[in-house]
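In full-length UniProt numbering, the protein residues as written are 1 to 348.
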């Protein structure tokens, strides 16, 4: 059974992510079907633009199918991880560089891999129901699917805050952080789709003007409200400096953030900080190569699968990280994640 539903009509290629019971979680089958469809539509004259939606009323895409990842780990199917991340990150690159207008409509949950399918595209539209996050450090991983790129494009140090805490954020936050330029209430989406189908030429410029005509003022952004303290505490050259600033700041939000970070995988926190710094000025394709390199490191270590176990499998929410404390993470432990003599590049 297909994990996506596609159709072509009125110059639009429609893609609906169709795993609603799993909150449209991204598995290898879905990645492959999306890849094949998008590549085929590049050459199809009947498709002038692409629209991507999530089925059901709860999620656009809740991220990667972590249960299948854990099952592969138990089965010691190491080849699965290489294939999964190679194909997912290649898909992210295809979306980022897609030659036709690509519109993703987020109406509900969009996390991790779901952001890779949406914010990397040319047009990302959010509704009042949008609920977003890059929560990877909570499961012993790192913000991937281009996160090392788009977190670095956010105002001030908000990208570091979101990457190091895994905090959830709203539609208003998505607009403020430049992940989306278009906030449109879900009740108006059917009219948006109708207007899109009637556009004589579905060029990027025409679509942009149409979306701007529908765009409303986004709800207030809590990230904007907290940006001053975020910038003050996260604008430090070292992770140690950030943690010290958070712990000593007079704002209660800073102390809460400090405590929040301490619950995450210490290795993930340290590697994520290093990754964000390394990728700050890199182009998207180079970032994806770096993320693929990191993925190969994480699947060889304990914390990623322990994080999945605690969150998804046993659901005890009590991961036993190794090492258990940030101060126990050494520079040599971090460097191991960034050096691979057998590194094979993404085919992009």
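Yeah, the Cβ is synthetic: ideal placement off N, Cα and C, and Gly gets one too.
Mapping DSSP to helix, strand and coil, what is residue i?
i           : result
residue 124 : strand
residue 132 : strand
residue 150 : helix
residue 62  : coil
residue 333 : helix
residue 1   : coil
residue 106 : strand
residue 14  : strand
residue 272 : helix
residue 244 : helix
residue 55  : coil
residue 168 : strand
residue 177 : coil
residue 192 : helix
residue 162 : helix
residue 250 : coil
residue 315 : coil
residue 199 : coil
residue 299 : coil
residue 34  : helix
residue 183 : strand
Kindly list the residues whose CB is nearer than 8 Å to the CB of residue i, restricted to its own chain and excluding five residues on each side of it in sequence; keep chain order.
i           : result
residue 186 : 107, 127, 128 and 129
residue 12  : 47, 48, 49, 50, 51, 196, 197 and 202
residue 188 : 214
Go through its chain and collect everything with a Cβ distance to residue i's Cβ below 6 Å, but skip five positions before and after it.
i           : result
residue 182 : 125, 211 and 215
residue 247 : 258
residue 103 : 51 and 123
residue 231 : 156 and 157
residue 21  : none
What's the C-alpha gap between residue i and residue j?
i           : j           : result
residue 35  : residue 16  : 14 Å
residue 255 : residue 225 : 16 Å
residue 267 : residue 316 : 20 Å
residue 81  : residue 242 : 33 Å
residue 131 : residue 169 : 6 Å
residue 30  : residue 167 : 26 Å
residue 307 : residue 270 : 16 Å
residue 136 : residue 142 : 5 Å
residue 95  : residue 120 : 6 Å
residue 196 : residue 229 : 41 Å
residue 90  : residue 250 : 44 Å
residue 48  : residue 122 : 14 Å
residue 68  : residue 329 : 29 Å
residue 335 : residue 14  : 43 Å
residue 324 : residue 7   : 49 Å
residue 84  : residue 60  : 20 Å
residue 209 : residue 42  : 23 Å
residue 152 : residue 276 : 7 Å
residue 77  : residue 278 : 30 Å
residue 309 : residue 301 : 14 Å
residue 261 : residue 292 : 24 Å
residue 233 : residue 244 : 8 Å
residue 346 : residue 252 : 43 Å
residue 73  : residue 296 : 13 Å
residue 331 : residue 265 : 16 Å
residue 162 : residue 150 : 11 Å
residue 115 : residue 37  : 19 Å
residue 333 : residue 294 : 13 Å
Kindly indicate which residue of the options has the alpha-carbon position closest to the one of residue i.
i           : options               : result
residue 158 : 145, 144 and 173      : 173
residue 25  : 309, 259 and 54       : 54
residue 207 : 101, 314 and 74       : 101
residue 87  : 73, 113 and 156       : 113
residue 177 : 184, 297, 233 and 220 : 220
residue 39  : 79, 21 and 98         : 98
residue 321 : 332, 331, 283 and 303 : 303
residue 180 : 161, 236, 117 and 231 : 117
residue 160 : 280, 305 and 345      : 280
residue 9   : 193, 58 and 56        : 193
residue 312 : 71, 5, 44 and 150     : 71
residue 263 : 79, 138, 327 and 175  : 138
residue 339 : 115, 299 and 290      : 290
residue 218 : 56, 283, 171 and 148  : 171
residue 282 : 148, 337, 200 and 314 : 148
residue 57  : 105, 299 and 337      : 105
residue 298 : 5, 199, 327 and 144   : 144
residue 305 : 200, 66 and 326       : 66
Quick one: measure Cβ to Cβ for residue i and residue j, integer angstroms, because I've assumed they're closer than 8 Å.
i           : j           : result
residue 1   : residue 146 : So it is not a contact: roughly 29 Å between Cβ atoms.
residue 223 : residue 109 : Not a contact, Cβ separation roughly 18 Å.
residue 62  : residue 134 : With 8 Å as the limit, residue 62 and residue 134 do not qualify as a contact, their Cβ atoms being about 13 Å apart.
residue 64  : residue 319 : Not confirmed; about 17 Å, so no contact.
residue 155 : residue 227 : 7 Å
Going along the chain, which residues of its own chain have a beta-carbon closer than 7 Å to the beta-carbon of residue i, five neighbours each way excluded?
i           : result
residue 3   : 18, 19, 27, 29, 30 and 33
residue 373 : Past the edges of the chain, shown from 1 to 348, lies residue 373, and the structure says nothing about it.
residue 273 : 164 and 239
residue 236 : 242 and 245
residue 285 : 93 and 348
Would you say the beta carbon of residue i is closer than 6 Å to some non-hydrogen atom of the ligand PLP?
i           : result
residue 257 : Annotation note on the ligand PLP: not contained in the displayed structure, which lists no ligands.
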